[in-house]
Amino acid sequence: MDWTSLYQSRVKTAQDAVRAIKSGNRVFLTGNVSVPQTVLAALVGYAPELSNVEIAQVLTVGAADYVSPAMEGHLRVNSMFISHNIRKAVQEGRADFSPILLSEFPLLFKRGILPLDVALIQVSPPDEHGFCSLGVEVGPTKTPAETAKIIIAEVNEQMPRTLGDSFIHVSRLHHIVPVNYPIPELAMADEGEGEIIEKIAGHIAGLIPDGATMQLGIGAIPDAVLKYLYDKRDLGIHTELFSDGVIDLVNAGVLTNARKTLHPGKIVAGFLMGSKRLYDWVDDNPMIELHRTEYVNDPFVIAQNERMVAVNSAIEVDLTGQVCADSIGPKLYSGVGGQLDFIYGASRSKNGVPIIALPSVVTLRDGTRLSKIVSMLKHGAGVVTSRNHVRFVVTEFGVAELYGKTIRQRAQALINVAHPDFREELAKQARELHYM
């Protein structure tokens, strides 16, 4: 049977396809903007007939009816990163969180620690050889999909065909659900703290040398940094994800990838999300290579890029350099993601620049302002990046260089980039702790 006949024989409605899921199964759900919306909606409709189905995922975008209270006893999420749409369920105990480095996430399935019965994925239409591309979400999906006993795939006419280690053959897809809807668009920038973000971005840009290979995480700060790089030469990208900002840098001849020591000439990433402009740009673009997350995020792969620059964010940083990025005190908020992968990888890179960037203050809903540079992390806070790994901490007030510095020197450097309104109190607390 040729692949076209095989394809047609496996086409089903979403409602019929999800009948392959049985009570007690573990189901992988691809994430970010690649969530298979039609199949997931069908699973929610079918869920009352199921019990104790575990949904393993990283980060999803959009509505999350599958973690609603009505799903208790039927579907239960086990997420390796807490996204906005499931945060309440995790904090209320209706969903689970499994802390793990993103570089190791796919290995949970490959090594049989979390064996998969079913994978729910979304792919592009097949090419002339019968290969579908995983499109915008290759890194966290390729390995779990390969290990699952059954694959249910939405084949979306609007999914771009990305290149790299991104393909899966029609013969591997047990149930095929044809769909045709736009890939969700997601803006990276947050205009709420525009002036502060711009100042931070400017300081970060000053640390980025010509010929650097960059990792820029999710959020307004990494997105803003790109606008300050037009005077640089031969920049490259090796990153967990990227968004629209890279397009203009490529068109301006700034982002050439020419001086990368690993995959020269290529933008390497695990996944992407942004606007339709981005999705159209990456479609069949030979400059773009998407690879498995256990490869892209491996610190020892990352370190092979000379002048590796990693930019990641934080909820708070204490005066010794400990970084909390996944919780507010004991309340779970997000996850480690790829922060430690890239901070460590950049620190092992020749002339690498690992950066933690954050605004100096946070304003609560009641108007209270709190310093994000603190004498001690909140009770119960998680340490995502240890004080031993941190090199640069950047706020709108400048750059604190911590590498090779004593606790006394670190405390003073961090106080210098804290908001002026909090510096005196931080200095007092530092003295009480015998840091200074």
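Our numbering puts the sequence shown at residues 729 to 1164. Where is the CB? At the ideal position from N, CA and C, for every residue including glycine.
Once the 5 residues before and after K877 are set aside, which same chain residues still bring their CB inside 6 angstroms of it? D845
To the nearest angstrom, report how far apart Q943 and Y1023 are at their CA atoms. 14 angstroms
CA-CA distance, P1148 and A1155? Using only the alpha carbons, I get a separation of about 11 angstroms.
Could you tell me which residues DSSP puts in a beta bridge with P865? Per the sequence shown, the amino acid found at residue 865 is Glu instead of Pro. Beta-bridge pairing links E865 to F999.
May I have the straight-line CA-CA distance separating L983 from I936, to the nearest angstrom? 13 angstroms
Counting beta carbon pairs with one atom in the segment 1058-1073 and one in the segment 1029-1041, are three or more of them shorter than 8 angstroms? Segments in contact, yes.
Considering only the beta carbon of each residue, do V996 and G1080 sit closer than 9 angstroms? Cβ distance not < 9 angstroms, so V996 and G1080 don't count as in contact.
Between A1141, S852, G858, G1002, which has its C-alpha nearest E882's C-alpha? S852
Quick check on P1082: buried or exposed, where buried means 16 or more other Cβ atoms within 10 Å of its Cβ? buried
Using DSSP with H/G/I as helix, E/B as strand and the rest coil, what is Q1032? coil
Start-to-end residues for the alpha helix (DSSP H) that takes in H1162: Run containing H1162: none; DSSP gives neither H nor E here.
For T1113, write down the residues that DSSP places opposite it in a beta bridge. V1051
For A770 and A748, the rounded distance between their alpha carbons: 12 angstroms
Neighbourhood of I1135 by C-beta, 7 angstroms cutoff - its chain only, sequence neighbours within 5 removed: T1048, Y1163
For M1104, is the classification buried or exposed, using 16 other Cβ atoms within 10 angstroms of its Cβ as the cut-off for buried? So M1104 counts as exposed.
To test your reading of the DSSP string, which unbroken alpha helix (DSSP H) runs of 4 or more residues are found completely within the segment 933-982? Annotation note: the segment 933-982 contains the following uninterrupted alpha helix (DSSP H) runs of length 4 or greater, listed N- to C-terminal: 948-953, 973-979.
Relative to the C-alpha of S861, which residue among V1010, D1054, E1124 is closest? V1010
Is P843 buried or exposed, if buried means 16 or more other CB atoms sit within 10 Å of its CB? exposed
For K960, which residues from the same chain have a beta carbon less than 6 angstroms from its beta carbon, with the 5 sequence-adjacent residues on both sides left out? For K960, the CB contacts under 6 angstroms within the same chain, skipping 5 residues up- and downstream, are D938, V982 in chain order.
For A784, write down the residues that DSSP places opposite it in a beta bridge. F756, N806
DSSP beta-bridge partners of R1097: T1091
Contacts around L1161, its chain only, beta-carbon distance under 7 angstroms, and the 5 residues preceding and following it disregarded: S1103
Inter-residue Cα distance where the pair is P776 and Q850: 24 angstroms
CA-CA distance, R1035 and Y794? 43 angstroms
Check each candidate in A1139, N1013, Y1131, V763 and name the one with the smallest Cα separation from I975. N1013
Quick check on DSSP: helix, strand or coil for E919? Confidence at E919 is low in this model, with a pLDDT of 46, below 50, so the placement of that residue should be treated as unreliable; the coordinate-derived value is given next. Helix.
Tell me which same chain residues have a C-beta within less than 6 angstroms of the C-beta of F859, skipping the five on either side of it? F895, H897
Answer yes or no: do H880 and A1085 have a C-beta to C-beta separation smaller than 9 angstroms? Inspection of the sequence shows that residue 880 is occupied by Ile rather than by His. Not a contact, by the Cβ cut-off of 9 angstroms.
Buried or exposed for L957, please, with buried defined as at least 16 other CB atoms from any protein chain shown within 10 angstroms of its CB. buried
Residue from D1026, P1027, F970, T989 with nearest C-alpha to S1003: F970
Candidates R889, R1159, G1063: closest to M808 by CA position: G1063
Would you decide whether K1236 is buried or exposed? Buried here means 16 or more other CB atoms lie within 10 Å of its CB. The chain is shown from 729 up to 1164; residue 1236 falls before or after that span and cannot be answered.
Using CA atoms only, rank isn't needed, just tell me which of R815, E874, N1025, P906 is closest to A745. P906
Nearest to P854 by CA position, among N884, P764, A784, is which residue? N884
Leaving out five residues before and five after Q1050 in sequence, what residues of the same chain have Cβ atoms less than 7 angstroms from its Cβ? L1105, V1111, S1114, R1115
Inter-residue Cα distance where the pair is V1145 and E1129: 10 angstroms
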